[in-house]
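Asks: Below you'll find the structure I mean.
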Amino acid sequence: MFEQTLLKNINVKDANHLAVYRAGGGYEALDKALQEIEPEQLIDLVKQSSLCGRGGAGFATGLKWSFIPKDSPLPKFVCCNADESEPGTFKDRVIIEKDPHQLIEGIALCCYAVGAKTAYVYIRAEYSVGAKILQQALDECYQQGLLGKNILGSKFDLDVYIHRGAGAYICGEETALLQSLEGFRGQPRLKPPFPAISGLYASPTVINNVETLACIPHIVARGAQWFKDIGSPSESGPRLYCLSGRICNPGVYELPGGISLRELVEQHGGGAPNGKRIKAVIPGGISAPMLPESALDIAMDLDELKAAGSMLGSAGVIVMDEDTCIVKVTQRMLWFFHYESCGKCAPCREGLSWVFKLLQRIEAGDGKSGDIEELERLSGGIFGNCFCPLGDGAIMALRGAITHFRDEFINHIDKGCCPNGTSLSSTSFLPSQA
Amino acid sequence: MEGRLPKNTPPTNQAPPNKAIGLKTQIDAIATHYARRRSAIMPALHLYQAEYGYISRQSMEEVAELLDVAPVQVYEVASFYHQFNTKPIGTHHLQVCTSVSCMLMGADCRLEQLERDLDIECGETTADNKFTLSTVECLGSCGTAPVMQVNNEAYSENLTEQTLDDILRSLNN
Chain C
64 MFEQTLLKNI NVKDANHLAV YRAGGGYEAL DKALQEIEPE QLIDLVKQSS
114 LCGRGGAGFA TGLKWSFIPK DSPLPKFVCC NADESEPGTF KDRVIIEKDP
164 HQLIEGIALC CYAVGAKTAY VYIRAEYSVG AKILQQALDE CYQQGLLGKN
214 ILGSKFDLDV YIHRGAGAYI CGEETALLQS LEGFRGQPRL KPPFPAISGL
264 YASPTVINNV ETLACIPHIV ARGAQWFKDI GSPSESGPRL YCLSGRICNP
314 GVYELPGGIS LRELVEQHGG GAPNGKRIKA VIPGGISAPM LPESALDIAM
364 DLDELKAAGS MLGSAGVIVM DEDTCIVKVT QRMLWFFHYE SCGKCAPCRE
414 GLSWVFKLLQ RIEAGDGKSG DIEELERLSG GIFGNCFCPL GDGAIMALRG
464 AITHFRDEFI NHIDKGCCPN GTSLSSTSFL PSQA
Chain Z
491 MEGRLPKNTP PTNQAPPNKA IGLKTQIDAI ATHYARRRSA IMPALHLYQA
541 EYGYISRQSM EEVAELLDVA PVQVYEVASF YHQFNTKPIG THHLQVCTSV
591 SCMLMGADCR LEQLERDLDI ECGETTADNK FTLSTVECLG SCGTAPVMQV
641 NNEAYSENLT EQTLDDILRS LNN
């Protein structure tokens, strides 16, 4: 049985309280680091662990930290990206609500390693319950000398503040997050300069995902080799997988990196309910192109999924059974990207609106011959031409669906209706906000 | 200060002035968390929205004055983020997630149920000002789909026709 690390406390009563967290060995890693490990050594340790970011891009965490200039006179900042908004992803929320001190300890270790005295947790507005729990945990830390001045009797000072988002998917993109933190619209900045050189208030800044930071205390406590020994050579460490959609046992699962998608969906998730056949699976949040059932034997690994034309992303797995209308799912996915486009660049802002309208008409049974080719033509104009990855993600989602389920799109257009006859809603639905 | 706000923004708050003083103290305290006061625009707008239910022109002007920015710089933030209401909404804001995982688990049917029971279209507010119904993008609770958030409260998860009925009834009482 695989030993739970990141989720070991989620069924422990009151694990969000400091006393319970400390009783389980919490903050010993921070204490150890402050006493025995130099910041440079800590960065090396994280590098040796091969930890890669868990937010979606999968960048090497230790390497990211090492980009922070040592000789800069500017203050350094750490931002924890808790803007978890990729549809199908709900793992960070579990850490924030059930084991917030694990995250705070990870933030403190990161700040110590890069020399930051201030950290912000950018948490999405909808996680109001999580923000309250996290604030209580931060308050406890200040009371017990784990935050503030001279932490645990050392010379290390740190303040951690929560900054609540206000409902914008784009703020998960790191430079948009920084813009938002500075009090602007969440519209991405041009890179370079990268945040490590010029981030928050034009100062060196590290931005890491919640799960990424939660891994740090364990790496410090148990060593880089222990971490590397979990998972596959290219996917070190434990990973939180989210299972949702038409699946028997949805939820967040902690399993080794690089396990097969089939094992995840069938053994752990129990397959589709009511004995239905699985039709397609989105492996890493909706930006990751969907794969047909026949591709399930692939490993949940950065390289393998890339080779299969998809990506690991946030490891938010969405399962679709045989009754699912792929056209409807695609329409809903593209609505999301269109609606969440920040409006900064034309290919994303105008292009996705156009793509959505075409999909809407195909889904409604009003598709015309040539619509699929038009979608492909538009995709070519959008992909690679956007300011940030949002537009590309949208096109990847669209292309995945058309590549593997082209017949369904053709059928919708030819028959003027859903051949499955299984659309969940009787009306042609257009989401609308108040 | 320069930077006018669009005319369709509701002009004033209907609340006793002592509340506004409390808000200003809180916002001043929050502004110390940041290297620049402008960073406190979003936290300030959250406080105003929590107090008044939405963000009026007066609120934006007050925030602007407090944080030394032009009103339009507050407006550009308030109008960008989906969770900031720049118009009044009902007492209970029902926000139904209709993103992929929730859709796969029948969110559209729950939305239709709400439209039918409240006799409004999505995006509207009931005549008695009690309910506003809208859809939201992924709430980050896909494992317990379909999901709805009422105001800023804890999510209502694994919605069925029956549980949604119960929620509506309890909110109505």
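These protein sequences, in sequence, are chains C and Z.
For the first sequence, this note's numbering begins at 64 and goes up steadily by one.
For the second sequence, this note's numbering begins at 491 and goes up steadily by one.
We treat Cβ as the ideally placed atom computed from N, Cα and C, and that holds for glycine.
It should be emphasised that the depicted structure is a prediction, and the values quoted were computed from it without experimental measurement.
Under three-state DSSP, which class holds C/Ala-343?
Replies: Counting from one through the first sequence, the residue named residue 343 of chain C turns up at place 280. C/Ala-343: strand per DSSP, three-state reduction.
Asks: Distance, Cα to Cα, Z/Ile-545 vs C/Lys-95?
Replies: Working through the second sequence from its first residue, we reach residue 545 of chain Z at position 55. Working through the first sequence from its first residue, we reach residue 95 of chain C at position 32. Answer to the nearest angstrom: the Cα atoms are 47 angstroms apart.
Asks: For Z/Asn-642, return the contacting residues in chain C, with the cut-off set at a CB-CB distance below 7 angstroms.
Replies: Position 152 of the second sequence, counting from 1, holds the residue named residue 642 of chain Z. Those are Ser-191, listed as they occur along chain C.
Asks: Using a C-beta to C-beta distance shorter than 8 angstroms, which residues of chain C count as neighbours of Z/Ile-531?
Replies: Within the second sequence, numbered from 1, the residue matching residue 531 of chain Z stands at position 41. In chain order: Gly-246.
Asks: Please go through the region 326 to 402 of chain C and give each complete alpha helix (DSSP H) segment of 4 or more residues, from N-terminal end onward.
Replies: 365 to 370, all fully within the region 326 to 402 of chain C.
Asks: Using only the alpha-carbon positions, how far apart do C/Ala-457 and C/Tyr-402 sit?
Replies: Here residue 457 of chain C refers to the residue found at position 394 when the first sequence is read from its first residue. Here residue 402 of chain C refers to the residue found at position 339 when the first sequence is read from its first residue. Near 11 angstroms, if we compare the C-alpha coordinates of C/Tyr-402 and C/Ala-457.
Asks: Below 8 angstroms CB to CB, which residues in the same chain sit around C/Ile-233 once its five sequence neighbours on both sides are set aside?
Replies: Translated into the one-based positions of the first sequence, residue 233 of chain C becomes position 170. Once the five neighbours on either side are set aside, the close Cβ partners of C/Ile-233 are Ala-239, Gly-249, Gln-250, Pro-251, Glu-403, Ser-404, Cys-405, Cys-451, Leu-453.
Asks: So which of C/Pro-150, C/Leu-126, C/Cys-173 has the shortest CA-CA distance to C/Thr-393?
Replies: Working through the first sequence from its first residue, we reach residue 393 of chain C at position 330. When each option's Cα is compared against that of C/Thr-393, the closest is C/Pro-150.
Asks: Thinking C/Leu-27 and C/Ile-214 are a contact (beta carbons under 8 angstroms), I'd like their distance in whole angstroms, please.
Replies: A question about residue 27 of chain C goes unanswered here, because the residues of chain C that appear run from 64 up to 497.
Asks: With a cut-off of 7 angstroms, does the C-beta of Z/Gly-512 fall near any C-beta of chain C?
Replies: Here residue 512 of chain Z corresponds to residue number 22 of the second sequence, with the count starting at 1. Judged by the 7 angstroms Cβ criterion, Z/Gly-512 is not in contact with chain C.
Asks: With three or more beta-carbon pairs closer than 8 angstroms as the criterion, would you say the region 548 to 563 of chain Z touches the region 262 to 278 of chain C?
Replies: No: the two stretches stay apart, fewer than three of their Cβ pairs being nearer than 8 angstroms.
Asks: According to the neighbour-count rule (16 or more other Cβ atoms, all chains shown, within 10 Å of its Cβ), is Z/Leu-629 buried or exposed?
Replies: Here residue 629 of chain Z refers to the residue found at position 139 of the second sequence. With 16 or more other Cβ atoms within 10 Å, it is buried.
Asks: If you draw a straight line from the C-alpha of C/Glu-439 to the C-alpha of C/Pro-482, how long is it?
Replies: Position 376 of the first sequence, counted from the start, is the residue given in the question as residue 439 of chain C. Position 419 of the first sequence, counted from the start, is the residue given in the question as residue 482 of chain C. When rounded, the distance between both Cα atoms is 22 angstroms.
Asks: When you compare the CB positions of C/Arg-117 and C/Glu-274, do they come within less than 7 angstroms of one another, or not?
Replies: As a working mapping, residue 117 of chain C is identified with position 54 in the first sequence. As a working mapping, residue 274 of chain C is identified with position 211 in the first sequence. The answer is yes: Cβ separation under 7 angstroms.
Asks: Please confirm if C/Pro-267 has its CB atom under 7 angstroms from at least one CB of chain Z.
Replies: The residue labelled residue 267 of chain C in the question sits at position 204 within the first sequence. Not an interface residue.
Asks: My understanding is that C/Leu-263 touches C/Leu-244, with C-beta atoms under 8 angstroms, so please give their C-beta distance in whole angstroms.
Replies: One-based indexing of the first sequence puts residue 263 of chain C at position 200. One-based indexing of the first sequence puts residue 244 of chain C at position 181. That pair is a contact at about 6 angstroms.
Asks: If we ignore side chains and look at the alpha-carbon of each, how far apart do C/Leu-201 and C/Leu-209 end up?
Replies: Position 138 of the first sequence, counting from 1, holds the residue named residue 201 of chain C. Position 146 of the first sequence, counting from 1, holds the residue named residue 209 of chain C. C/Leu-201 and C/Leu-209: Cα-Cα distance of roughly 9 angstroms.
Asks: Taking the alpha carbon of C/Phe-65 as the reference point, which residue from C/Gly-447, C/Cys-449, C/Gly-320 has its own alpha carbon closest?
Replies: As a working mapping, residue 65 of chain C is identified with position 2 in the first sequence. Among C/Gly-447, C/Cys-449, C/Gly-320, the Cα nearest to that of C/Phe-65 belongs to C/Gly-320.
Asks: Who are the Cβ neighbours of C/Val-223 in its own chain at under 7 angstroms, not counting the five residues just before and after it?
Replies: To locate residue 223 of chain C, count along the first sequence from 1; it is residue 160. Ile-167, Ile-170, Ala-182, Val-184, Leu-201, Leu-210.
Asks: Please report the distance separating the alpha-carbon of Z/Leu-601 from that of Z/Cys-612.
Replies: Indexing the second sequence from 1 puts residue 601 of chain Z at position 111. Indexing the second sequence from 1 puts residue 612 of chain Z at position 122. Each residue's alpha carbon lies about 8 angstroms from the other.
Asks: Is the shortest distance between the beta-carbon of Z/Val-590 and the beta-carbons of chain C less than 7 angstroms?
Replies: Translated into the one-based positions of the second sequence, residue 590 of chain Z becomes position 100. Interface residue, yes.
Asks: Assuming C/Gly-294 and C/Gly-300 are in contact, meaning their beta carbons sit under 8 angstroms apart, how far apart are those beta carbons, in whole angstroms?
Replies: Locating residue 294 of chain C in the first sequence gives position 231, where the first residue counts as 1. Locating residue 300 of chain C in the first sequence gives position 237, where the first residue counts as 1. Their Cβ separation, rounded to whole angstroms, is 5 angstroms, which keeps C/Gly-294 and C/Gly-300 in contact under 8 angstroms.
Asks: Can you tell me which of the three DSSP states Z/Ser-624 falls into?
Replies: Indexing the second sequence from 1 puts residue 624 of chain Z at position 134. Reduced to three states, the DSSP call for Z/Ser-624 is strand.
Asks: Please report how far the alpha carbon of C/Met-125 lies from the alpha carbon of C/Gly-193, in whole angstroms.
Replies: Translated into positions along the first sequence, residue 125 of chain C becomes position 62. Translated into positions along the first sequence, residue 193 of chain C becomes position 130. The sequence as given places Gly at residue 125 of chain C; Met does not occur at that position. Looking at the two C-alpha atoms, the distance is approximately 27 angstroms.
Asks: May I ask you to list, following chain order, the residues of the region 600 to 631 of chain Z that have a beta carbon less than 9 angstroms from some beta carbon of chain C?
Replies: Cβ contacts with chain C come from Leu-601, Glu-602, Glu-611, Cys-612, Gly-613, Glu-614, Thr-615, Thr-622, Leu-623, Ser-624, Thr-625, Val-626, Glu-627, Cys-628, Leu-629, Gly-630, Ser-631.
Asks: Measuring alpha carbon to alpha carbon, tell me which residue in Z/Cys-587, Z/Ile-610, Z/Pro-578 is nearest Z/Ala-597.
Replies: Working through the second sequence from its first residue, we reach residue 597 of chain Z at position 107. Comparing Cα positions, the closest option is Z/Cys-587.
Asks: Below 8 angstroms on the Cβ atoms is my contact criterion, and I expect C/Ile-310 with C/Ala-362 to pass it. Report the Cβ-Cβ distance as a whole number of Å.
Replies: Here the question's residue 310 of chain C lines up with position 247 in the first sequence. Here the question's residue 362 of chain C lines up with position 299 in the first sequence. Not a contact, Cβ separation roughly 19 angstroms.
Asks: Do we get a CB-CB distance below 7 angstroms when we pair Z/Gln-652 with the residues of chain C?
Replies: The residue labelled residue 652 of chain Z in the question sits at position 162 within the second sequence. By this cut-off, Z/Gln-652 is not an interface position.
Asks: So with Cβ pairs under 7 angstroms, would you call Z/Glu-566 a contact of chain C?
Replies: Numbered from its first residue, the second sequence carries residue 566 of chain Z at position 76. Yes, Z/Glu-566 lies at the interface with chain C (some Cβ there is under 7 angstroms from its Cβ).
Asks: Which one of C/Gln-198, C/Ile-186, C/Asp-134, C/Ile-225 has the shortest CA to CA distance from C/Asn-79?
Replies: Taking the first sequence and counting its residues from 1, one reaches residue 79 of chain C at position 16. C/Asn-79 has its Cα closest to that of C/Gln-198, out of C/Gln-198, C/Ile-186, C/Asp-134, C/Ile-225.
Asks: Please confirm if C/Ile-38 has its CB atom under 7 angstroms from at least one CB of chain Z.
Replies: Only positions 64 to 497 of chain C appear in this structure, which leaves residue 38 of chain C out of reach.
Asks: Going straight from the alpha carbon of C/Val-109 to that of C/Lys-342, what length do you get?
Replies: Your numbering for residue 109 of chain C matches position 46 in the first sequence. Your numbering for residue 342 of chain C matches position 279 in the first sequence. Cα to Cα, C/Val-109 sits roughly 39 angstroms from C/Lys-342.
Asks: Apply the 10 Å Cβ neighbour rule to Z/Asn-575 and answer buried if 16 or more other Cβ atoms are within range, or exposed otherwise.
Replies: Sequence index remark: in the second sequence, residue 575 of chain Z carries index 85 (1-based). With 16 or more other Cβ atoms within 10 Å, it is buried.
Asks: Would you list, in sequence order, the uninterrupted alpha helix (DSSP H) runs of no fewer than 4 residues that lie entirely inside the region 406 to 485 of chain C?
Replies: List check, alpha helix (DSSP H) in window: 409 to 426, 434 to 445, 452 to 478.
Asks: Can we count C/Leu-359 as close to the ligand GTP, meaning its CB is less than 6 angstroms from some heavy atom?
Replies: Judged by which ligands are present, the structure shown has none, so any question about the ligand GTP falls away.
Asks: From the beta carbon of Z/Arg-659, is the nearest beta carbon of chain C less than 7 angstroms away?
Replies: Residue 659 of chain Z sits at position 169 when you count from the first residue of the second sequence. Closer than 7 angstroms: no.
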